[in-house]
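Undergrad: Under full-length UniProt numbering, the first residue of the sequence shown carries the number 1, and numbering increases by one thereafter.
Where is the CB? At the ideal position from N, CA and C, for every residue including glycine.
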Amino acid sequence: MAFVPMTVPWSPEHQTQRMQVTRKQLETEEQAAFPLGGSSPRYLYLASKQKNKWGHPRGYRIQTVSFAGRPLPQNSSVERAISWGRKETEPSSSSVFNQNDPWTPTVDFADFINNETIAGKDLVAWVTAGFLHIPHAEDIPNTVTVGNGVGFFLRPYNFFDEDPSINSADSIYFQKNQDAGSCEVNSLNCLPQAAVCAPDLPAFSHGGFFYN
């Protein structure tokens with residue numbers, strides 16, 4: 001994200017800062033290995049060479065909703081056994097045998113990052129997610145799930161040409177003893193003719209855009 005100075009359209013004597021999204025294509029593994037707790041992109045977007053009808057690359061966005069804390073300091077003698085925990089997005093993990101000898105691990109995950117090119121490749125993302133829960137009185141008798149979720153979202157990003165849910169028909173549940181034509185049962189059956197979704201806006205123009 002960058003901040004771009006701009007003049008306020010309705011008050012030219014004043015200036016403000018506008019946030020602007022900047023795009024940067026990551027070319028190598030080193031560039032795409034983001035240290036846990038460090039600076040990471042606002043949007044992490046895995047794009048393909050195919051484009052949607054709007055001209056944007058089809059892809060998926062990785063959106064982390066919970067962040068794990070650092071399990072061990074990096075200078076610890078056993079940290080190499082869980083070195084995958086240093087990063088948020090990487091292609092592989094650890095080995096079950098690392099627990100037997102964490103000082104000389106069978107798999108040192110950091111060794112997989114050898115700065116190979118990732119541009120135009122079929123990628124696998126390793127996403128580290130977690131949270132630290134310190135028990136408190138409200139955990140008795142049960143710890144609530146609200147606010148304690150762990151995970152990440154893999155979201156379509158320009159993958160479709162539009163919201164795919166618009167192809168889903170409105171769903172209404174009827175029981176066998178109910179009248180599907182009744183307004184009390186099926187409110188969509190009795191919509192007024194004047195019902196509209198689009199607001200009735202007056203004509204206006206701004207910055208080269210005209211609506212009439």
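(1) Output yes or no for whether 8 Å exceeds the beta carbon distance between Ser66 and Arg58.
(2) Shortest alpha-carbon distance to His133 belongs to which of Leu46, Asn158, Val146?
(3) For Leu113, which residues of its own chain have a beta-carbon under 6 Å away from its beta-carbon, when the five flanking residues on both sides are left out?
(4) Could you check the C-alpha separation between Ile118 and Gln31 for me, to the nearest Å?
(5) Measuring straight from C-alpha to C-alpha, what distance separates Ala125 and Gln20?
(6) Between which two residues does the beta strand (DSSP E) holding Gln17 run?
(7) Give me the residue from Pro9, Gln15, Trp10 with the minimum Cα distance to Phe3.
(8) By the 10 Å Cβ neighbour count, where 16 or more other Cβ atoms means buried, how is Asn158 classified, buried or exposed?
(9) Tell me whether Pro164 sits in a helix, a strand or coil according to DSSP, three-state version.
(10) Tell me whether the beta-carbon of Asp163 lies closer than 8 Å to the beta-carbon of Asn52.
(11) By the three-class DSSP mapping on this structure, what secondary structure does Phe112 have?
(12) Is DSSP giving Glu88 helix, strand or coil here?
(13) Tell me the DSSP secondary structure of Ala180 in three-state form.
(14) Based on Cα-Cα distance, which residue from Pro135, Gly120, Asn212 lies nearest to Glu27?
(15) Could you compute how far the alpha carbon of Phe152 sits from the alpha carbon of Asp179?
(16) As a quick exercise: from Ala129, Cys183, Asn142, pick the residue whose alpha carbon is nearest that of Val150.
(17) Ends of the beta strand (DSSP E) at Ala2?
(18) Please identify the residue among Gln17, Ala110, Gly181, Asn142 whose C-alpha is closest to the C-alpha of Met1.
(19) Identify every run of the alpha helix (DSSP H) within the segment 20-70, keeping only runs that are complete inside it and at least 4 residues long; order them along the chain.
TA: The structure says:
(1) no
(2) Val146
(3) Looking at the sequence itself, residue 113 is Ile, so the reference to Leu does not match. Within the same chain, Ile113 has close Cβ partners Glu29, Ala33.
(4) 10 Å
(5) 27 Å
(6) 11-20
(7) Gln15
(8) buried
(9) helix
(10) no
(11) helix
(12) Because Glu88 carries a pLDDT of 45, less than 50, the predicted location of this residue cannot be relied on, and the following value inherits that uncertainty. It is coil, neither helix nor strand.
(13) coil
(14) Gly120
(15) 43 Å
(16) Ala129
(17) 2-8
(18) Gln17
(19) 29-32
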